[in-house]
Each structure stands twice: as structure tokens, then as C-alpha cells.
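Take a look at the structure below.
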Amino acid sequence: MPVRIWLAMLLVFSAIVLGQPGKALADQRALSALAPGLPGLGTRLEDVRTMALPEGLRLICDADEETLKLADPQLLKRQNGRDSSRVKLCTVVGPGTGAGWDLASIPSLAGPARLWLLFVEQGGGGRHRLARASLWAHRDGWDKVATSLTDLLGQPDAGGDSLLIWEDEQHETLMFLDPKNPDEFAVAVADRRLRKLLKSPGFSNRPD
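Sequence positions in the sequence shown follow the numbering used here and run 1000 to 1207.
Here it is, written out as C-alpha cells:
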């Protein structure tokens, strides 16, 4: 799902939460629970590049597209509609069945999952920090993840069959079914302060 669409959905979901009382916390423990070795929110991009991955897999970001041949050359460009000098999008790829590298899955609480990492420039000077980590997995893993996060974070601030949100002053954990692919769901953990930078002047290539 393109970043701009994901952000629009997130704003709607957040508005729902802000109108409801809740005591659930959405701290970084969720990342550790979702998959071992995930980087913490706020981690610098250069440090995330050294994260441990299963053998044969690689982390690729927007700036790497010229050095690593992808089976889908537009993969990252299509997903990231913002200024790539200020917003970096990364994912995990592995050797494809044909020419180039394809999206790959990593082990997670939900089962095999595709990982997307969004970094925003903080303070200028090209210092990019992790603002959001999201995993996309088969819907069969929904109940297991929802139960584990509820045990860890408490009852969600908003709940339903297709949406769960945990939120505190700094972090937000969101689970939702993919409206374009009902067989999949996403679970994302975001730093709300860093995410606000996406609305700053100069961060978008288009007026969204």
C-alpha cells in the first residue's frame, strides 16, 4: 500500500482513538514481540542497515535501487510518494525466481511477513530516524498477534473485527486488515512525534 494512502488511513483511525478514553500503552515492546531483532523507533538509518536478517536476504532502501537490481524496478518508488532525500523507505528482499531481487518475508509472530521501514529526516543534515515499522502477513496470524499485543499492552483503545489501535503520547500500534487484499493484515508501530515531521513543508512531492 502506498505510503500516502497508509497515512490517510492512519489519520482517520487516529481521529477515532482521540475521541475515546483508553489506558492502553503502545510502547516499543510491541516491536520486540512482533519479530526478534527489529530496530527500535528512532534508530538511525545507518544503524538499521546492520540489522541481522535470515541468510540470503538483504535490506534495501530508496537510495540502493541503482546498486541492487530488483525484479520490479519501481517497487520502492511506487510505495514512497515523498521526497526521497528526506523520507527513506526500506524493505527486505531476496533472490527472485527470475532476474533481480524480489520482496521477501522474515520470521515474525504472525508467521512469514514482509517488513517495511519508514525513516524521516530529523534536524537536517541527512540524519534519518525510524518513524514506523510495519509487517504484512497472512490473515491467519491475526488472532495470535492481537492476543499477544493485548496481553502485552492492555486492551486496545479502539477495537473491532478489522482494526485495533493502542496509543500513548509517543507511540502508536495499529493492526488492520488490508482493504485491497482481505487475505492479509498489517501491524505497524509508529513514533508519533517523528511521524508528524511528514507534514512539515518540503517533505512531500505532492500537496497531500
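Every residue, glycine too, gets a C-beta built ideally from N, C-alpha and C.
All of these numbers come straight from a predicted model, not from anything done at the bench.
Straight across, the Cα-Cα distance linking Ala-1109 with Asp-1182 is about 13 Å. Comparing alpha carbon positions, the residue from Asp-1167, Leu-1069 and Asp-1061 closest to Arg-1085 is Asp-1061.
For Ala-1185, the enclosing beta strand (DSSP E) starts and ends at 1183-1190. A residue is called buried when at least 16 other Cβ atoms come within 10 angstroms of its Cβ; Thr-1096 does not meet this threshold and is exposed. Beta-bridge analysis with DSSP links Ser-1104 to Arg-1113. Taking the CA atoms as reference points, Thr-1066 sits about 43 Å from Ala-1157. Under the three-state reduction of DSSP output, Leu-1088 falls in the strand class. Restricting attention to beta strand (DSSP E) runs no shorter than 3 residues, the region 1029-1082 encloses them at 1057-1060, ordered along the chain. Taken in chain order, the whole alpha helix (DSSP H) runs of length 4 or more contained in the region 1116-1173 are 1141-1152. Per the coordinates, the alpha-carbon of Gly-1122 lies some 21 Å from the alpha-carbon of Glu-1168.
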